[in-house]
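See below for the structure under consideration.
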């Protein structure tokens with residue numbers, strides 16, 4: 001099975017900061033990587049798929065990059081509403097493993 | 107709009123069974139693969155199972171293989187998760203979630219999620 005890791009597990013940043021989260025797959029998954037945002041008590045929300053494609057209506061301050069085993073999610077200018085946990089997910093194979101998450105504190 | 111609504115959660119004793127349901131609307135259910143994903147309290151997302159659009163292919167996480175069964179009834183627009191031999195570690199919110207494209211061959215991301223139903227396994 002492909003294992004997904006994320007770093008850091010949590011971070012604190014200020015409004016306006018540029019924030020980058022890293023996701024690593026234990027084997028190459030091409031660009032079959034999605035990013036989800038989850039706020040407390042809420043359902044996960046799709047942000048990015050195919051490693052770099054922004055989901056409709058997601059603010060352009062979010063961007064993704066990477067291929068193979070190493071991926072990043074970047075928030076170019078952090079906003080108060082971006083405080084949440086972010087998960088990456090492999091959808092190249094089953095099991096469709098998720099990363100453990102990165103919690104962003106504003 | 108696309109909606110998925112789970113039901114059937116509750117409190118159950120270890121070793122017992124529970125059946126979850128997922129009712130979709132706003133899209134052609136019979137064209138899409140559907141997943142179950144769970145989240146234990148305060149923990150991350152844990153993929154459980156997926157069933158192809160026609161029910162012919164089913165895949166499971168190792169942690170539930172042999173205990174959980176995913177199924178669907180396209181004539182009634184319903185998805186199910188039969189959970190047997192439940193353990194305390196199965197306690198979680200269970201989400202049903204849709205593949206992003208119809209008739210996907212297995213490499214589509216999840217785009218829509220239901221609100222989830224809480225399963226608590228406790229004596």
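Residue numbers (my numbering), protein chains in the order written: chain R, 1 to 106; chain P, 107 to 229.
Note that the Cβ used here is the ideal one computed from N, Cα and C, for glycine as well.
Values in this document were obtained by computation on a predicted structure and should not be read as measured data.
Using only alpha-carbon positions, find the residue among the options that is nearest to residue i.
i, options, result
"residue 212 (chain P)", "P:203, P:172, P:156", "P:156"
"residue 16 (chain R)", "R:84, R:61, R:93", "R:61"
"residue 79 (chain R)", "R:12, R:4, R:2, R:100", "R:12"
"residue 197 (chain P)", "P:219, P:145, P:214, P:161", "P:145"
So, under 8 Å CB-CB, residue i and residue j are touching, yes? Tell me the CB distance rounded to an integer number of Å.
i, j, result
"residue 66 (chain R)", "residue 72 (chain R)", "6 Å"
"residue 97 (chain R)", "residue 142 (chain P)", "In fact, because the Cβ distance is near 14 Å, the residues do not count as touching under 8 Å."
"residue 43 (chain R)", "residue 104 (chain R)", "That belief does not hold up - the Cβ atoms of residue 43 (chain R) and residue 104 (chain R) are roughly 18 Å apart, past 8 Å."
"residue 128 (chain P)", "residue 202 (chain P)", "3 Å"
"residue 186 (chain P)", "residue 125 (chain P)", "6 Å"
Can a CB atom of chain R be found closer than 8 Å to the CB of residue i?
i, result
"residue 167 (chain P)", "yes"
"residue 152 (chain P)", "yes"
"residue 214 (chain P)", "yes"
"residue 221 (chain P)", "yes"
"residue 206 (chain P)", "yes"
"residue 225 (chain P)", "no"
"residue 230 (chain P)", "Beyond the ends of chain P as shown, which are 107 and 229, falls residue 230 (chain P); an answer cannot be given."
What first and last residue would you give for the beta strand (DSSP E) that runs through residue i?
i, result
"residue 145 (chain P)", "140-145"
"residue 166 (chain P)", "164-166"
"residue 88 (chain R)", "84-90"
"residue 198 (chain P)", "198-205"
"residue 128 (chain P)", "124-131"
If we define contact as Cβ-Cβ less than 8 Å, is residue i a contact residue for chain P?
i, result
"residue 86 (chain R)", "no"
"residue 69 (chain R)", "no"
"residue 34 (chain R)", "yes"
"residue 97 (chain R)", "yes"
When DSSP builds the beta bridges, which residues end up paired with residue i?
i, result
"residue 75 (chain R)", "R:19, R:62"
"residue 30 (chain R)", "Beta-bridge pairing links residue 30 (chain R) to no other residue."
"residue 24 (chain R)", "R:5, R:70"
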